[in-house]
Amino acid sequence: DTAVSQTPKYLVTQMGNDKSIKCEQNLGHDTMYWYKQDSKKFLKIMFSYNNKELIINETVPNRFSPKSPDKAHLNLHINSLELGDSAVYFCASSQPNSPLHFGNGTRLTVT
Amino acid sequence: SQELEQSPQSLIVQEGKNLTINCTSSKTLYGLYWYKQKYGEGLIFLMMLQKGGEEKSHEKITAKLDEKKQQSSLHITASQPSHAGIYLCGADGGSGYALNFGKGTSLLVTP
């Protein structure tokens with residue numbers, strides 16, 4: 009009964025490639041997020057969607073494009089991957105003023 | 037924007053010892069969340085604090101929010117190897133739609 013699931017768990021790709029990470033939640037939450045955790049374990053918000061509408065768009069390169077086909081899904085597409093994009097990407101979901109529920113992360117390695 | 041500072045950055049304690057992790061905010065906290073991350077895994081929600089002076093406990097972990105709502109502490113009593121991991125505090129940055137996180141405290145419990 010996975011609450012927030014993201015795929016793939018691991019992603020190894022070369023510079024310049026385009027890749028996508030998928031996220032689905034079955035909690036009925038209205039808000040979904042993408043976070044990036046760097047090598048020093050610092051967790052930073054990238055995007056936040058509420059009912060399929062973009063609410064937060066932090067200073068993220070245009071190469072990153074989130075897409076929310078419906079309330080339960082928030083996918084992350086990355087164009088022209090760079091070495092510095094290597095990190096663990098976490099999807100999360102929540103209701104207002106409630107804890108975020110996180111997926112298990114996608115470890116992206118760009119070579 | 038709201039910044040959260042955690043201390044210490046890392047901690048090594050002997051099994052059975054008590055420990056405290058602190059989280060200090062640059063602004064008033066309207067919701068403070070504690071998470072634990074096991075190495076290579078996702079974040080697990082521990083506790084949420086909203087009111088000044090509030091204290092919550094779960095098993096051997098106690099979290100407090102000070103009266104001024106700018107600092108929180110997480111206290112573990114009689115630590116066990118299962119407590120090892122990274123502890124992160126998160127807070128609503130004011131948007132109501134995402135949490136900002138501290139840089140985490142890495143805890144290792146030795147036998």
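First to last, the sequence lines map onto chains Z and W. The first sequence maps to residues 9 to 119 in my numbering. The second sequence maps to residues 37 to 147 in my numbering. All C-beta atoms in this analysis are idealised placements derived from N, C-alpha and C, irrespective of residue type, glycine included.
- Residues of chain Z with a Cβ closer than 8 Å to the Cβ of Asn136(W) are, in chain order, Ile53.
- If only uninterrupted beta strand (DSSP E) runs of at least 3 residues are considered, those enclosed by the region 58-122 of chain W are 68-73, 79-85, 91-94, 97-101 and 107-112.
- Put simply, of Asp128(W), Glu51(W), Glu90(W) and Leu68(W) the residue whose alpha carbon is nearest the alpha carbon of Pro117(W) is Glu51(W).
- DSSP lists Leu51(Z) and Val96(Z) as the beta-bridge partner residues of Gln45(Z).
- Under the three-state reduction of DSSP output, Leu124(W) falls in the strand class.
- Rounded to the nearest angstrom, the gap between the Cα atoms of Tyr123(W) and Ser142(W) is 6 Å.
- Put simply, the CB of Lys49(Z) is near chain W, with a gap under 8 Å to one of its CB atoms.
- It is roughly 22 Å from the alpha-carbon of Leu82(Z) to the alpha-carbon of Gly76(W).
- Annotation for Asn54(W): Thr113 place their beta carbon closer than 6 Å to its own, counting only its chain and skipping 5 residues before and after.
- Against chain Z, the beta carbon of Ile122(W) has neighbours under 8 Å at Lys49, listed in chain order.
- The shortest C-alpha to C-alpha distance from Pro107(Z) to any of Thr21(Z), Met54(Z), His37(Z) and Phe55(Z) is the one to His37(Z).
- Among the bridge pairs identified by DSSP, Leu84(Z) is matched with Ile29(Z) and Pro74(Z).
- Secondary structure of Leu35(Z) (DSSP, three-state): coil.
- Burial state of Met23(Z) is exposed, judged by a 10 Å Cβ sphere holding fewer than 16 other Cβ atoms.
- Residues of chain Z whose Cβ lies closer than 9 Å to the Cβ of Glu41(W) do not exist; the shortest such Cβ separation is about 12 Å.
- DSSP, read as helix, strand or coil, puts Leu62(Z) in strand.
- Chain Z has no Cβ within less than 8 Å of the Cβ of Leu68(W).
- In this structure, DSSP gives Leu108(Z) a state outside helix and strand, which the three-state scheme calls coil.
- Secondary structure at Leu89(Z): coil, using DSSP grouped into helix, strand and coil.
- Of all alpha-carbon atoms in Gly113(Z), Lys44(Z) and Asp78(Z), the one lying nearest the alpha-carbon of Ser13(Z) is that of Gly113(Z).
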